[in-house]
Amino acid sequence: VGPRVRGDRLMALILCPPVQIQVTALDAVGFGIRVRARVSLLVPPDVTVARDKTGANTWLAESIVREFGALKFVGPSPVLTVHFSGDLGRRGNLSVEAQFSGEKIRRGRYTLASLVLSAIWQNDVLLLQRLDAADAKGRLQASGSFEPKTRTAEVRLRSSLDLPALLRALNVTALDDFAFSFPPKIDATARAEFDAEHKAPPKLQALGHAGVGSFSYGGVRFESLSADVSWEGRRWAVRDGEGGPAGQARP
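Following the working numbering, the numbering of the sequence shown begins with 314 at its first residue and continues without gaps.
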């Protein structure tokens, strides 16, 4: 049983020639998002669709649906365009391409001014080809991948967004001990490994360069910091850093 999605409107032109399913025009609205889709699938007569017993793909779909359900769209309805293609008789041949664009997207108290992304599901791997987001303070550009079988995700990002506010909206506590006067500027690679039972928080790792203006950590105020940073769970490591506590003379 997969995730349930409520749609407010659905129109589609469906063709069923021999051993094929074709949807040439689908237009629907769900979660306040306008969805446009095309489907072109080969369905051999002897094909059987087995349920994913690991639950990995179902969990991914449920996670995506849950995140969409948590979003509020203040601006015009965003648009999601999806194209399904492939041969159901060949394992791993299914391809799903998706493009999303929207403005004034809110999650909790955090608002994105704009969001554009493109992704593809191919060879049982989700590839994030492009993510470009902007809020009131900066911009995020990212690409990455997620492999359900190993429950691992990797992302390459460059950000000047209000990252602490975004993480709070996502219920991520990684930066709770920090207080920033200005959004940090980050150029990094991050990796996450998700629990097989989905009960424990993901194991997170990050490596990259960070530049931060005035901020405080553990009650100590810093004037600025520019350094190579690595992070694993609750452990941080900083090298080649420049900056220091406010009021402290630099050498």
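Glycine residues also receive a C-beta, built at the ideal position from the N, C-alpha and C atoms.
Query	Result
Expressed to the nearest angstrom, what Euclidean distance is found between the alpha-carbon atoms of Asp437 and Gly532?	46 Å
Just to confirm before moving on: does the CB-CB distance between Leu578 and Ala455 stay below 8 Å?	Since the first and last residues shown for the chain are 314 and 564, residue 578 lies out of range.
Among the residues of its own chain, which have a CB less than 8 Å from the CB of Thr486, if the five just before and after it don't count?	Leu480
Could you tell me whether the segment 489-509 touches the segment 379-395, using the rule of 3 or more Cβ pairs below 8 Å?	no
Give a yes or no on whether the C-beta atoms belonging to Gly457 and Ala446 are separated by under 8 Å.	no
Return the first residue and the last residue of the alpha helix (DSSP H) that Ala540 is part of.	Ala540 -> not in any alpha helix (DSSP H); beta strand (DSSP E) instead, spanning Val533 to Glu545.
Can you round the beta-carbon distance between Ala523 and Pro496 to whole angstroms, since I take them to be within the 8 Å contact cut?	With a Cβ gap of about 11 Å, Ala523 and Pro496 do not count as contacting.
At which residues does the alpha helix (DSSP H) containing Ala503 begin and terminate?	No alpha helix (DSSP H) holds Ala503; the beta strand (DSSP E) holding it covers Lys498 to Glu506.
How is Val392 classed by DSSP in three states: helix, strand or coil?	strand
Pop quiz: Arg565 and Ser427 are said to be a contact at Cβ under 8 Å. What is the actual Cβ separation, rounded to whole angstroms?	A question about residue 565 goes unanswered here, because the residues of the chain that appear run from 314 up to 564.
Who does Lys516 pair with in a DSSP beta bridge?	Glu506
Taking the alpha carbon of Pro330 as the point to measure from, which residue in Asp400, Gly382, Lys516 and Val356 has its own alpha carbon closest?	Val356
What's the call for Arg379, buried or exposed, on a 16-neighbour Cβ count within 10 Å?	exposed
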